[in-house]
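Residue numbering for the sequence shown follows my numbering, beginning at 30 and increasing consecutively.
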Amino acid sequence: MEEWFAEQPSSTQTKRSSAFKKGLKRMHGCAGEEGQSRCMLLNMMLPSELVIAAHLFPRKNEAHVQQALGFEGIDNLKNGLLLFGPLEKALDKRQVSIIYDRNSKEFHLKLFDHHLLQQRLFDHLTESQQWVLVDGAQGYDIETTFRAIDGRKLHFGTDKRPFKRCLNLQARLARKKAIREGWDFGGGLTLKTSGRRVP
Numbered sequence: 030m031e032e033w034f035a036e037q038p039s040s041t042q043t044k045r046s047s048a049f050k051k052g053l054k055r056m057h058g059c060a061g062e063e064g065q066s067r068c069m070l071l072n073m074m075l076p077s078e079l080v081i082a083a084h085l086f087p088r089k090n091e092a093h094v095q096q097a098l099g100f101e102g103i104d105n106l107k108n109g110l111l112l113f114g115p116l117e118k119a120l121d122k123r124q125v126s127i128i129y130d131r132n133s134k135e136f137h138l139k140l141f142d143h144h145l146l147q148q149r150l151f152d153h154l155t156e157s158q159q160w161v162l163v164d165g166a167q168g169y170d171i172e173t174t175f176r177a178i179d180g181r182k183l184h185f186g187t188d189k190r191p192f193k194r195c196l197n198l199q200a201r202l203a204r205k206k207a208i209r210e211g212w213d214f215g216g217g218l219t220l221k222t223s224g225r226r227v228p
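Next up, the structure:
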């Protein structure tokens, strides 16, 4: 299954269905004023072009989704999240994962790649994207680092949730990559929010 999550260009470089993004915005209550969308992790409105409709099981592997995870249609809305571009890119590269905590019944970001800790999300944008953010996101702190969001929970505007199986598979493969790369990620998938170790 690991080849199905082979690293690929970020969703910002591949054409995502606008219908998929619109559907996710409706499903999770992420639609804002025109030109704005809510990042589910930062829980704030940002310029829409910087908020990516992330496929949890990669779109390029659509032919395998039924075999791998037992559902049809790669654009199933439960196979997606709306994330600020740098977060979506880190998820694609398996530097971070979204972990479900059974105690709190919440989904939290888990940082695997310790090299990201001190890096600002802002620095993972192109110069033109940085200007779009500064001009169009009131209240965004450009000093926000990956360390600052490690352990942060997803915010849902409705009672709909993503497929846990998609997140679980991505997290297992991210952990495997972290071990292979020698990343210091705190000894397993221990959520600092609950202390529960996820298998």
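Built from N, CA and C at the ideal position, the CB exists for glycine as well.
Secondary structure at residue i, three-state DSSP: helix, strand or coil?
i           : result
residue 87  : coil
residue 171 : coil
residue 182 : strand
residue 49  : helix
residue 67  : strand
residue 133 : coil
residue 146 : coil
Comparing alpha-carbon positions, which option in the options lies nearest residue i?
i           : options            : result
residue 210 : 111, 101, 172, 143 : 143
residue 130 : 99, 206, 193       : 193
residue 214 : 198, 180, 71       : 180
residue 188 : 157, 53, 49, 47    : 53
residue 117 : 83, 100, 134, 92   : 83
residue 185 : 162, 60, 171, 65   : 60
For residue i, which residues of its own chain have a beta-carbon under 7 Å away from its beta-carbon, when the five flanking residues on both sides are left out?
i           : result
residue 152 : none
residue 208 : none
Please say whether residue j and residue i have beta carbons closer to each other than 8 Å?
i           : j           : result
residue 85  : residue 109 : yes
residue 137 : residue 182 : yes
residue 154 : residue 115 : yes
residue 198 : residue 98  : yes
residue 148 : residue 175 : yes
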